[in-house]
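Chains A and B, in that order, are what the protein sequence lines are. Okay, so the first sequence: first residue is 23 according to the numbering used here, each after it adds one. Okay, so the second sequence: first residue is 23 according to the numbering used here, each after it adds one. For each residue, glycine too, the CB sits at the ideal point set by N, CA and C. One structure below.
2 protein chains.
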Amino acid sequence: MRLLVLDFLEKQSKAVSLTDMELSMEPLDRVTLFRTIKTFEEHGLVHRIEDGSGASKFAICAADCDSTQHHDLHVHFYCSHCNETYCLPKTHIPEVELPANYVALERELIVKGICAACTK
Amino acid sequence: MRLLVLDFLEKQSKAVSLTDMELSMEPLDRVTLFRTIKTFEEHGLVHRIEDGSGASKFAICAADCDSTQHHDLHVHFYCSHCNETYCLPKTHIPEVELPANYVALERELIVKGICAACTK
DNA sequence: AGTAACTTTGCAATACAATTGCAGGGCATT
DNA sequence: AATGCCCTGCAATTGTATTGCAAAGTTACT
């Protein structure tokens with residue numbers, strides 16, 4: 023079952039929500055899906071994206087992520103026209119300088135706008 | 023009532039969730055709060071921050087935001103130790119280069135780690 | 001002051017995502 | 001066969017976000 027989920031995720035060009043997966047992969051219980059994703063996330067296989075649409079979305083981790091840390095610091099793009107979220111693996115998140123005594127562990131950059139498909 | 027909310031927000035050093043406000047400002051109905059914040063947001067007085075904690079948080083807009091666009095592109099810092107979210111108004115979000123035909127309207131950068139208070 | 005029009009507020013109820021508890025099924029090891 | 005472990009699915013709960021509606025307040029006009 024997990025293989026099916028992984029398979030499905032690999033086919034996606036964009037990040038998908040739990041509900042997306044639930045609808046596309048019937049029959050599959052939402053809770054199982056939830057736990058599957060959670061397991062994947064804990065083991066560094068997928069990353070979670072909060073795009074402001076209300077629901078978390080998920081996508082396969084490209085790089086050398088592990089259970090302790092996510093390393094693929096790419097930008098996510100949320101299209102406010104089609105409501106889809108894309109991973110932009112080639113666009114890296116720049117370092118940021120923080121005030122004294124702040125320790126950065128992760129960073130997430132979400133760009134919102136209109137995606138290539140919707141600008142046509 | 024809105025003045026009270028605005029007042030409260032101005033006093034905050036960190037971003038607050040609806041629940042935070044509800045608890046701090048009794049008696050005040052959650053729905054009224056929700057709509058108040060929504061109005062503020064639409065008029066560019068506050069900005070919404072999704073820090074991955076599950077609930078949206080809000081903070082006063084520092085700069086020249088208006089109903090059409092938010093202009094204060096500062097970084098937000100989420101401390102995974104104390105679960106608080108801080109605005110870092112001095113840390114600007116750098117421009118990012120997008121693939122062809124992507125149009126950027128907004129960008130949000132969340133850094134996660136340990137805040138100054140928690141590193142002590 | 002009186003009233004009509006509009007706005008703001010609060011209660012109730014709903015929608016939806018996230019999460020937990022529990023029991024059954026599969027599979028491996030002994 | 002019995003034990004133990006993990007995966008799955010159903011039911012139920014929590015929590016946030018949101019809407020509908022009616023009452024209370026506000027404003028503008030007379």
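- Contact of N105 (chain B) with chain A by beta-carbon distance below 7 Å is absent, the smallest such distance being about 14 Å.
- Taking a Cβ-Cβ cut-off of 9 Å, the neighbours of T141 (chain A) in chain B comprise N123, Y124, V125, given in sequence order.
- Cβ-Cβ separation between L95 (chain A) and I115 (chain A): approximately 4 Å, consistent with a contact (criterion under 8 Å).
- Fewer than three pairs of CB atoms, one per stretch, sit closer than 8 Å, so the segment 116-136 of chain B makes no contact with the segment 24-40 of chain B.
- If the five residues before and after P111 (chain B) are omitted, its C-beta is found closer than 8 Å to the C-beta atoms of A84, D94, H96, all from its own chain and listed in chain order.
- DSSP lists B:V133 as the beta-bridge partner residues of R129 (chain A).
- Using a CB distance cut-off of 7 Å, K36 (chain A) does not count as an interface residue toward chain B.
- The beta carbon of S39 (chain A) sits closer than 6 Å to the beta carbons of A77, K79 from its chain, once the five residues preceding and following it are set aside; these are given in chain order.
- At least one beta carbon of chain A lies nearer than 7 Å to the beta carbon of L131 (chain B).
- For L110 (chain B), the enclosing beta strand (DSSP E) starts and ends at 107-114.
- With a cutoff of 7 Å on beta-carbon distance, C101 (chain B) and C137 (chain B) are scored as near each other.
- The C-beta distance from F62 (chain B) to M47 (chain B) rounds to 14 Å, too long to fall under 8 Å, and the pair is not in contact.
- A straight-line Cα-Cα distance of about 7 Å links V68 (chain A) and I59 (chain A).
- For S39 (chain B), the secondary structure class from DSSP, reduced to helix, strand or coil, is strand.
- If you look at C101 (chain A), you'll find it isn't in any alpha helix (DSSP H); it sits in the beta strand (DSSP E) that goes 96-101.
- Using a Cβ distance threshold of 7 Å, T107 (chain B) and A37 (chain B) count as a contacting pair.
- Straight-line spacing of the CA atoms in T141 (chain B) and N105 (chain A) works out to 38 Å.
- Look at the segment 53-83 of chain B and you find these whole runs of beta strand (DSSP E), each 3 residues long or longer: 68-71, 79-82.
- Cα atoms of P49 (chain A) and G66 (chain A): separation of roughly 26 Å, rounded to the nearest angstrom.
- The continuous alpha helix (DSSP H) containing L28 (chain B) extends over residues 24-33.
- One thing to note: E44 (chain B) has its Cβ within 7 Å of the Cβ of L55 (chain B).
- Put simply, the CB of I71 (chain B) is far from chain A, with every gap to its CB atoms at 7 Å or more.
- If you ignore the 5 residues before and after R52 (chain A), its C-beta comes within less than 7 Å of the C-beta of L40, E44, all in its own chain and listed in chain order.
- Straight across, the Cα-Cα distance linking V118 (chain A) with D42 (chain B) is about 29 Å.
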